[in-house]
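Some notes on the structure that comes next.
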Amino acid sequence: MAKAQKVKLSPEEKAEISRKRKAQLFRDRWVYLLLLPGFLYFIIFKIVPMWGILIAFKDYYPTSHFFGSGFTKNWIGLDNFINFLTDSSFWQLLRNTLIISGMNILFFFPLPIILALLLNEMKVQWYKKAAQTLVYVPHFVSMVVIASITFMLVKTPSSATQSGGALYEIVKKLTGKEMQALGGGWAIYWVLLIQNVWKETGWGTIIFLAALAGVDVEQYEAAIVDGANRFQQLIYITLPAITGTIVTMFILRMGSVLDTGFEQIILMQNTLNRQNSETFDTYVYQYGRVEGNYGYTTAISLFKSIISIICIQTANRLAKKAGQAGLF
Amino acid sequence: MTQTWKKVAAVSVSAVMLAGALASCDGSAVSSIDHENPVLTVQTKAFNADSAANDSPVVQALNEYLGATLQFSWVPNTSYDEKVTTAMAAGEYPHIMLVGARSSSVIQASRDDTFWDLTDVLTDSAKYPNLAQTNPVVNHNISIDGQVYGLYRSRELGRAGVTIRKDWLDNLGLEIPTTIDEFSNVLKQFTEGDPDGNGVKDTYGMIVTDYLDGPLNNLAIWMGAPNGWGLDENGELKPAFMFQEFKDTLKLMKEWYDAGYINADMATYSSDKWNEQFLTGQAGVIIDVADRARRVASNIAELNPNAVVDVFGYVKKDADTDPRTLPTTGYDGYFVFPKASVATEEDLDLVLTVMDKANDAEAENLMNYGIEGIHYTVEDGFAVKNTDDALVKEYNDLNQFATNIVANGLTTKYAVPVAEKIDQVYAENKNWVVANPVEPYISETYSTKGPQLDAIMAEANTKFIVGQISEADWDAQVERWLSQGGQGVIDDYNEAYKDDDSVQ
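Chains S and X, in that order, give the protein sequences.
Residue numbers 1 to 328, in this note's numbering, belong to the letters of the first sequence in order.
Residue numbers 329 to 832, in this note's numbering, belong to the letters of the second sequence in order.
Below, the structure is given as structure tokens:
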């Protein structure tokens with residue numbers, strides 16, 4: 001429609017528009033100057049270093065030359081990618097990564113929303129504030145500390161006459177089962193999920209609480225006049241008001257679907273659960289940071305980035321199809 | 329997504345820095361060290377939070393003796409290999425750098441001529457009387473494509489040993505075991521025979537940790553399996569776990585595990601706490617290095633004055649077989665001299681002269697004990713340390729710079745009686761060590777897939793012992809090891825073996 005209505009402009013009109021634009025630029029010159037540092041920051045620190053991605057296409061080690069004499073050497077095309085995608089461990093890494101990430105999206109993602117809604121319903125201000133501050137605390141506890149606490153809680157006994165960790169003993173008393181939280185199988189996934197939930201749920205509420213603060217109070221008043229109860233207010237006013245935020249957060253989360261981080265997993269890894277807990281990030285850590293296989297691991301990270309872009313785009317499209325604003 | 333980009337950016341930034349650093353060191357043949365007043369930077373491992381400061385009196389005394397000013401940069405042991413990789417990526421080399429593990433980037437760097445080749449330099453006994461005494465076997469072990477790129481830090485070859493509660497043995501009327509059967513019986517009696525005599529069955533035999541390879545490999549050697557790799561009946565090199573003796577060892581450990589002679593949580597029991605249940609009187613055997621007995625003995629004295637700790641080197645498979653022991657590689661990392669920082673042969677000569685002097689008795693004593701009269705005194709030919717923390721701090725970790733190619737320095741007299749026995753164990757073990765034939769060889773396949781391959785077998789061994797997989801499953805894991813690159817490693821090693829003149 002916009003195209004059909006486009007009017008042909010005469011040269012004079014074009015000149016007029018261009019002159020106006022220049023005048024605007026000049027008028028706002030200080031604003032543009034203020035923008036410059038931020039713009040340069042992105043160019044210098046985000047765009048320029050992206051040249052480094054090129055090592056994903058090279059047989060590259062820490063001591064190989066990148067510029068100068070070494071620049072023309074050791075180009076291997078897509079070999080790093082092919083080696084990785086055809087490596088027998090690829091599917092195992094993908095499976096583990098998707099399970100850990102999927103469980104996080106399925107079980108962890110809704111929790112901050114629910115908690116934020118619960119906090120939002122609190123009417124006693126000092127209690128609400130105190131609760132809010134308290135749920136942030138776990139976020140600041142180091143993963144190393146969380147790992148040792150977990151270990152102390154779920155450790156199995158060394159011999160029949162010793163006792164295990166507190167949680168292990170409770171489960172044994174209640175169900176008679178010997179919980180092998182650090183053994184093989186799916187146990188590791190639940191351990192990782194629970195650690196995440198404990199650490200990050202409270203912190204994750206911040207953005208949703210901010211969105212909730214913006215909901216128009218008059219709508220609630222009108223709803224009360226119409227006889228809506230608290231639960232109906234939640235369903236028909238609060239939730240729709242923050243749906244946009246939820247969708248945005250979800251799209252962003254989809255972008256990091258292959259990111260599991262390596263710190264938490266490496267801390268919880270042992271020979272019994274390695275097969276289930278080795279992910280792209282731990283693999284890259286081992287082969288890149290420790291072994292120095294930079295070219296190969298850059299290829300893996302680049303592969304992850306490409307998947308992330310695809311995921312974000314897909315999620316964004318789906319959101320738009322469903323009538324939401326989406327991210328871009 | 330921001331995270332992903334950040335990672336990409338981080339990699340790129342280091343690449344750019346590297347490029348700049350490398351551009352600056354191309355083709356320079358100008359001396360990089362002031363020969364009048366040499367200042368040498370050293371990067372080595374730190375095991376303490378407060379390593380010796382560069383201005384400490386001990387470092388200054390050492391500088392004076394060596395004729396060079398040393399500037400140490402201490403890197404925590406736990407992240408050492410990572411630091412070496414980043415140092416190489418940044419191209420910022422100290423004059424003297426310890427290389428902990430021979431990772432693929434270290435191998436690559438050696439082949440790219442990053443470090444001085446010392447193969448023909450170290451043999452010069454006129455110039456370097458101490459360094460000329462480096463052990464050819466150990467030099468062979470650290471060599472890359474037949475070339476020696478560093479100066480190793482010498483370690484005891486026959487270091488393996490079993491720490492055991494002697495008083496428990498006495499209570500049960502048992503002797504130090506000499507065969508596998510007797511060893512088995514000791515574990516059984518430690519578990520079932522109430523060795524501490526308290527009337528309660530609250531002890532077990534042996535502590536095994538998530539570092540299963542230690543005890544397992546020692547046992548396998550005793551049982552007759554090769555060390556790491558061995559020749560099969562066709563004269564071909566195969567990994568130890570493909571030998572029947574290794575499998576028998578696994579089965580034996582499984583028996584012990586099932587009977588409760590080994591801690592049930594061995595797969596998740598951290599090796600940092602290896603001594604813990606020994607010290608608290610819950611278990612009585614540790615298979616590790618012999619010197620563990622010394623630490624255990626001095627720590628247990630405070631908790632339980634009646635406990636007696638003893639040590640022995642090995643048990644035999646049967647009474648009439650020859651003993652076999654697992655050697656160490658004979659070294660713990662080695663110092664390399666990067667060409668980027670040690671530019672000319674004269675510079676290298678200067679650095680090596682310093683390293684040579686560091687093997688003199690005076691230098692070794694400084695690094696191990698500090699300054700005589702202040703940090704230690706000499707009694708009956710032994711060094712007696714002053715344990716004042718403020719003094720110890722002045723030479724903390726300096727021994728991580730010592731290569732001990734020649735052991736000229738003083739030894740300490742330890743308060744615990746077991747200490748002297750440890751030296752006997754070392755000497756006795758040395759006669760029976762089984763060498764690892766592939767130690768010096770480099771397999772391309774292993775350098776790209778090594779961690780993954782090792783993980784397969786570590787997992788299979790642990791799971792078999794704790795009963796999560798059957799023997800057939802374990803065999804299947806060996807097949808998986810072969811198909812995921814293990815066969816390539818076998819081929820690589822056999823090729824290198826056939827090309828190696830020193831073994832023919």
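Every residue gets a Cβ at the ideal spot worked out from N, C-alpha and C, and that includes glycine.
Within this structure, are the beta carbons of residue i and residue j separated by less than 8 Å?
| i | j | result |
| --- | --- | --- |
| S:G185 | S:N276 | yes |
| X:Y589 | X:M534 | yes |
| X:A415 | X:Y421 | yes |
| X:K777 | X:G737 | no |
| X:V594 | X:V536 | Looking at the sequence itself, residue 594 of chain X is Met, so the reference to Val does not match. In contact: X:M594 and X:V536 (Cβ atoms closer than 8 Å). |
| X:Y769 | X:Y480 | no |
| X:Y723 | X:V465 | no |
| X:A621 | X:I750 | yes |
| X:A763 | X:N555 | yes |
| S:N270 | X:T596 | yes |
| S:N96 | X:S432 | no |
| X:D675 | X:I361 | yes |
| X:L446 | X:G395 | no |
| S:N74 | S:Y296 | no |
| X:V761 | X:V613 | no |
In angstroms, rounded to a whole number, what distance separates the CA positions of residue i and residue j?
| i | j | result |
| --- | --- | --- |
| X:W809 | X:E573 | 19 Å |
| X:A488 | S:Y136 | 50 Å |
| X:G525 | X:V637 | 17 Å |
| X:K839 | X:L726 | Here chain X has residues from 329 to 832 only, and residue 839 of chain X is not among them. |
| X:S352 | X:A417 | Caution is warranted here: a pLDDT of 44 is assigned to X:S352, below 50, making its placement in the model unreliable, and no coordinate value can be reported. |
| X:V817 | X:S775 | 9 Å |
| X:Y825 | X:Y642 | 29 Å |
| S:M1 | S:A131 | Here S:M1 scores only 43 on pLDDT, less than 50, and its place in the model should not be relied on; the value that follows carries that caveat. Cα to Cα, the separation comes out at about 53 Å. |
| S:I43 | X:N732 | 52 Å |
| X:V449 | X:V476 | 10 Å |
| S:I310 | S:H139 | 30 Å |
| X:V766 | S:T245 | 60 Å |
| S:D59 | S:I76 | 6 Å |
| X:F545 | S:W190 | Reading the sequence as shown, one finds Asn at residue 545 of chain X and not Phe. Taking the straight line from one Cα to the other gives about 34 Å. |
| S:K199 | S:S308 | 24 Å |
| X:E410 | X:E823 | 31 Å |
| S:V284 | S:P11 | 59 Å |
| X:H703 | X:Q388 | 14 Å |
Please list the partners that residue i has in chain S, where partner means a Cβ-to-Cβ separation under 7 Å.
| i | result |
| --- | --- |
| X:Y532 | S159 |
| X:D440 | T63 |
| X:K644 | The contacting residues do not exist; X:K644 stays about 28 Å from chain S at best. |
By the criterion of Cβ-Cβ separation under 8 Å, what are the contact partners of residue i in chain S?
| i | result |
| --- | --- |
| X:N732 | Simply none; closest approach about 27 Å. |
| X:A592 | T156, P157, S158, S159 and A160 |
| X:E787 | T271, L272, R274 and Q275 |
| X:E410 | R289 and V290 |
| X:T577 | Per Cβ cutoff of 8 Å: no residues; X:T577 is ~17 Å from chain S at best. |
| X:K791 | G184, T271 and L272 |
| X:D538 | N270 and T271 |
Show which residues of chain X have a CB atom less than 7 Å away from the CB atom of residue i.
| i | result |
| --- | --- |
| S:T282 | Near S:T282 there are no residues of chain X at all, since even the closest Cβ is about 11 Å away, more than 7 Å. |
Closest to residue i by CA distance: which of the options is it?
| i | options | result |
| --- | --- | --- |
| X:G795 | X:M425, X:S379, X:K579 and X:L446 | X:K579 |
| X:Y408 | S:L318, S:F108 and S:R289 | S:R289 |
| X:D717 | X:F606, X:Y697 and X:Y821 | X:Y697 |
| X:D828 | X:S360, X:L394, X:D473 and X:S433 | X:D473 |
| S:E263 | S:Q180, S:V144, S:N316 and S:I307 | S:V144 |
| S:K320 | S:N74, S:T248 and S:W126 | S:T248 |
| X:F569 | X:D541, X:A587, X:N591 and X:D586 | X:D541 |
| S:T205 | S:V31, S:L106, S:N80 and S:I113 | S:I113 |
Quick one: which chain X residues come within Cβ less than 9 Å of residue i?
| i | result |
| --- | --- |
| S:S88 | Q780, R808, S811, Q812 and G813 |
| S:L182 | D593, A595 and T596 |
**Study point:** Touching by the beta-carbon criterion (3+ pairs, under 8 Å), the stretch 775-788 of chain X and the stretch 499-518 of chain X
**Key:** no
Review point. Is there contact between the stretch 395-403 of chain X and the stretch 455-469 of chain X, where contact requires at least three CB pairs shorter than 8 Å?
Key: no
**Study point:** Residues from the stretch 767-781 of chain X in contact with chain C, defined by Cβ distance under 9 Å
**Key:** Given the protein chain composition of this structure (S and X), no chain C is represented.
Check your understanding: Hey, is the stretch 98-108 of chain S in contact with the stretch 245-259 of chain S, meaning 3+ C-beta pairs nearer than 8 Å?
Key -> yes
Practice item. Mind the definition here: the stretch 218-238 of chain S touches the stretch 109-128 of chain S only if three or more C-beta pairs lie below 8 Å; say whether that holds. Key: Judged by Cβ distances under 8 Å, the stretch 218-238 of chain S makes contact with the stretch 109-128 of chain S, as three or more pairs qualify.
Check your understanding: Touching or not, the stretch 219-233 of chain S and the stretch 148-164 of chain S, by the rule of three or more beta carbon pairs under 8 Å?
Key -> Too few Cβ pairs lie closer than 8 Å, so no.
Review point. Counting Cβ pairs closer than 8 Å, one from the stretch 669-687 of chain X and one from the stretch 704-719 of chain X, do we hit at least three?
Key: no
Review point. Quick one: any contact between the stretch 482-499 of chain X and the stretch 791-807 of chain X, if contact means 3 or more CB pairs under 8 Å?
Key: no
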